[in-house]
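Numbering (the UniProt record's numbering) for the sequence shown: 411 to 686.
Even for Gly, the Cβ is constructed at its ideal location relative to N, Cα and C.
All values reported here derive from a predicted model rather than from experimental measurement.
Single-structure report; data block below.
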Amino acid sequence: AKHAGRSTFAWYTPDMDADAQKRKEIEAGLAKALKFDQFELLFQPQYSLSDNKLKAYESLIRWNHPTKGYIAPDVFIPIAEDCGLISSIGDWVLEQACREASTWKDPALRVAVNVSAAQFLSGDTVHKVAHALQTSGLAAERLEIEITESLLISNTEKVVETLNKIRDMGVSIAMDDFGTGYSSLSYLSKFPFDKIKIDRSFIHNLGQDASTDAIVTSIIGLGRSLDVTITAEGVENQEQVTLLRAAGCNLVQGFLYGRPDTVQSHERLMAERDAK
Ligand code: C2E
Ligand code: CA
Ligand code: CA
Ligand code: CA
């Protein structure tokens, strides 16, 4: 109905009513979710291609709603960004991820935390990162902040300054979803990154069409020449691994290596694999 053309009033549909209703419900629910401890963090492993070793976990939030069950972050994070709740949710994620990582048996394992642009810009991110490290006792070198291009569109100087302060603490910065935005390449020279995560839409088509293979190979080559670590996300099969390894990709993350889950479940699976 949105495309109904001339009739300017035809944009309104019962569907939109339902959408707006759903948004309102989610907004109201989000406020309660923090209070009633309904958020959980799951962790997805990242492996090094050179030695096949586990190097890090990315933390991914889940909302365990009392009546609706699990709600995906793609559904509620954008709403939390719009209504301002992202700041307190993001604080919880940062603190919780650092706290949990500080209990891991392997003291070299790193933890990657997603920080949305709205969250990054909403408060004193430097102070928040420092606080999460301090209260958890996690070494700064074990923390990695994942940001997306949407942060880099505005306020360049302030963002660069903040990113540099975070890096000065010893925390590393990863650019998430690389290649999906308007000017990923130009941001590489303007902003200080330690790592690039090639978006899973590219990895999905790897080995399927020659142009995707060429793009992925170039991103990896570019990363190597800029001395930036490259992670491929959404790795689902061995053919992708073969291509990524040949291109010189550093780290891999995806269902082939493990789905987002509790660290205990990952450890159990790894122990079973080792026993075989
Ligand atoms: P993302 O940061 O790009 O996270 C990767 C997403 O890809 C995760 O979805 C993960 O489950 C999924 N994924 C991983 N491997 C594979 C694979 O092999 N195949 C496929 N098809 N998918 C794979 P998830 O957990 O639903 O998260 C979606 C997005 O929500 C994240 O995308 C991130 O942008 C956002 N998000 C998640 N947790 C947080 C958080 O704590 N804070 C903020 N601000 N955003 C978060
Ligand atoms: Ca991410
Ligand atoms: Ca991503
Ligand atoms: Ca994403």
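Query	Result
In DSSP terms, what Arg472 is bridged to	Glu450
Contact set for Phe486: own chain, Cβ-Cβ below 7 Å, skip 5 residues either direction	Ile436, Leu440 and Trp473
Contacting residues, own chain, Cβ-Cβ under 8 Å from Leu519 (five flanking each side not counted)	Leu464, Lys465, Ala466, Tyr467, Ala511 and Arg552
Distance, Thr590 Cα to Gln454 Cα	21 Å
Pocket of ligand 2 (residues with CB nearer than 7 Å to any heavy atom), chain order	Glu468, Ala522, Asn524, Glu556, Asp586 and Lys607
Presumed contact (8 Å Cβ cut-off) between Ile555 and Val521, rounded CB distance	So it is not a contact: roughly 10 Å between Cβ atoms.
Beta-carbon spacing of Gln456, Val662 below 8 Å	yes
Three-state secondary structure (DSSP) of Asn647	coil
Span of the beta strand (DSSP E), counted from its first residue to its last, around Leu661	Leu661 to Gln663
DSSP beta-bridge partners of Gly479	His475
At least three beta-carbon pairs within less than 8 Å, the region 642-649 to the region 598-609	yes
Those residues which DSSP pairs with Glu517 across a bridge	Checking the displayed sequence, the identity of residue 517 turns out to be Pro instead of Glu. BP columns for Pro517 are empty, so no partner.
C-beta contact flag for Phe449 and Ile499 at 8 Å	yes
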